[in-house]
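Start counting the first sequence at 259; every next residue gets the next number (our numbering).
To start, the structure under review is shown below, and the notes come after it.
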Amino acid sequence: MPELPEVEVIRRDLVPRVEGRRISMVSITEPRLTRRRGTPAEVAAALLGHRVRALRRRGKYLFFDLGEESLVVRLGMTGQLLWGEGRSGFLPDEHTHAILSFEGGGRLAYRDIRKFGEMFLLPTVSAERTLRIGIEPLDRGFTPEALQRACSGTRRIKTLLLDQSRIAGIGNIYADEALFRAGIRPTRRASSLGHQEVRRLHTAIRRVLQAGIRHRGSSISDYRDACGRPGRFVALHRVYQRHGKPCLACGAPVRRILLGQRGTHYCPTCQR
DNA sequence: AGTACGCCCTGGCCGC
DNA sequence: TGCGGCCAGGGCGTAC
């Protein structure tokens, strides 16, 4: 499941390969992919012949800036962006829903088993506003005070961390891992957190996301980088999908509960 | 407005 | 060995 670190790894893999390059051929074969805006044919026609000026990330979204418009890609649960050149790289299969070919060689495939992901065009200047993306947790603007402001209302802190319109890019894995590192129980009401707890959570969020990027992401099921390689961060997960196993800090069994329909993992001793 | 929940989708796993 | 049924969950639409 690609969250901020996984999407950032893919972006960094792709920047030297696609920036400045012109799209010479487009094939979009899955209508669901463009469901938010336009048909596959319309999106394909709009992409053709355009140069990728920049490849940006905001939260879990990627923006291929083409000038007036940007191609927005959201990977959902099982989406992959795979780069191939010549005979090396990906082999298209029944889950490959789009392929962009670039002038001078190189192809970018969009592959997505469960089809939760999307690909569509938005005007570059208003794209971020349209998508209502919250604050970027690795930017300077994400201060303890900004997190404190987001911690209003009666919702549980984990539910808030998953709200992309508040804080962008945190998904189920990094929410659980950040809360463990901050020593905060996922079921706590966000507004009940004290100043010290907010500061700890702020630090934990940044550290866990940076560690995720450094270890090239968490490959729980289908995540692969742009070259088809898995990430290594799973080995460093402390609670996510470790239920029943001893907590790495205190030895108590890690617990798993359901919170907002999502599997939620925490240590009942270390997290209060 | 703020919160809760069902739905989309497919592969993998479980039990019989 | 085969197969039905359930589970994983990001984000959106709908309901309260």
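We put the beta carbon where it would ideally sit given N, CA and C, even for glycine.
Q) In this structure, does DSSP put R270 in helix, strand or coil? A) helix
Q) Got a sec? Which residues, its chain only, sit under 7 Å from R315 by beta carbon, not counting five neighbours each side? A) V265, E266, R269
**Q.** Sub-8 Å separation of P526 and A510 beta-carbons
**A.** yes
Q) What does a CB cutoff of less than 7 Å around A433 pick up in its chain, not counting 5 residues either side in sequence? A) K416, L419, L420
Q) Got a sec, what are the start and stop residues for the alpha helix (DSSP H) Y481 sits in? A) Y481 -> no alpha helix (DSSP H), and no H or E assigned at all.
Q. Which residues in the same chain have their Cβ closer than 7 Å to the Cβ of R490, if we skip the five residues on either side of it in sequence?
A. H473, R474
Q: Grab the span of the alpha helix (DSSP H) containing Q468 for me, first residue to last.
A: Here the alpha helix (DSSP H) through Q468 covers 453-472.
Q) With 16 other CB atoms within 10 Å as the buried threshold, where does R558 fall? A) No answer is possible for residue 558: the residues shown for the chain start at 259 and end at 530.
Q | Distance between beta carbons of A440 and E455, contact taken as under 8 Å | A | 7 Å
Q) Buried or exposed: where does P298 fall if 16 or more other Cβ atoms within 10 Å of its Cβ makes it buried? A) Buried is the call here.
Q: Please list the segments of the beta strand (DSSP E) lying wholly inside the stretch 309-366, counting only runs of 3 or more residues, in order along the chain.
A: 312-316, 319-323, 327-332, 337-342, 354-360
**Q.** Sequence-distant residues of its chain with Cβ nearer than 8 Å to K318 (five each side left out)
**A.** The residues P260, E261, L262, V265, R332, L333, Q422, A426, G427, G429, in chain order, have a CB closer than 8 Å to that of K318 in the same chain once the five nearest residues on each side in sequence are set aside.
Q: Determine the direct distance from the alpha carbon of L339 to that of R275, and round the result to whole angstroms.
A: 12 Å
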